[in-house]
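In what follows, a structure is listed as structure tokens, so that the remarks can point back to it.
Structure follows, in structure tokens:
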């Protein structure tokens, strides 16, 4: 990027219209720096999204949720006594794919309907939401699914609303061992 900007500035200042000058050939130091920059960017991307889908078959992938995220303590509040199985979005009324905000327990539609859950997360700073479609929890701050003991109360109430019976709970500690 640096070399292209320098070449454009050089071309503009000399009035040359024939294209970029031939001094774009990177030096060894620049090539090494570019390789190091790419490596650091790849490492940063892995740290920001350490969970990648795992291919199970040619057409089936599994997504492994994060077991912890920094937003759990601040953005997950005690669930109300009951949740509705198919509540309507508070903004548009759609109930085809509902998400409960885990901070205020207001209901909004998914990003694949009218994106009101996403907008609520951005506008309010409430970063975690429970999907009533599959009882997964999404963290907008981490841009990832999350599964943690702190989420089990809300997930169980969602399961009870959807299926009329409590979810079978397995200790996450047992699963990790």
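In the numbering used here, the protein residues as written are 32 to 208.
Beta carbons: idealized from backbone N, C-alpha and C, even for Gly.
Using a Cβ-Cβ cutoff of less than 6 Å, which residues in the same chain neighbour residue 145 once the five nearest sequence positions on both sides are dropped? The count along the chain shown starts at 1 and reaches residue 145 at position 114. Taken in chain order, the residues that qualify are 123.
By the three-class DSSP mapping on this structure, what secondary structure does residue 166 have? The residue you call residue 166 lines up with position 135 of the chain shown. In this structure, residue 166 counts as coil in the three-state DSSP scheme.
Other residues of its chain near residue 106: CB distance less than 7 Å, five sequence neighbours each side excluded: Within the chain shown, residue 106 is the residue found at index 75, counting from 1. Hits under 7 Å: 133, 134, 157, 158 and 159.
Would the stretch 178 to 185 and the stretch 137 to 154 be scored as touching if the rule is three or more Cβ pairs under 8 Å? no
Residue 176 to residue 161 span [Cα, whole Å]: For this step, residue 176 is matched to residue 145 along the chain shown. For this step, residue 161 is matched to residue 130 along the chain shown. Whole-angstrom Cα-Cα distance: 10 Å.
What number of angstroms, rounded off, separates the C-alpha of residue 136 from the C-alpha of residue 111? Taking the chain shown and counting its residues from 1, one reaches residue 136 at position 105. Taking the chain shown and counting its residues from 1, one reaches residue 111 at position 80. Taking the straight line from one Cα to the other gives about 8 Å.
Smallest Cα separation from residue 172: which of 66, 63, 99 and 95? Here residue 172 is taken as the residue at index 141 of the chain shown, counted from 1. Minimum Cα distance to residue 172 is reached at 99.
So which of 143, 179, 155 and 154 has the shortest CA-CA distance to residue 164? Counting from one through the chain shown, the residue named residue 164 turns up at place 133. For residue 164, the nearest C-alpha among the options comes from 143.
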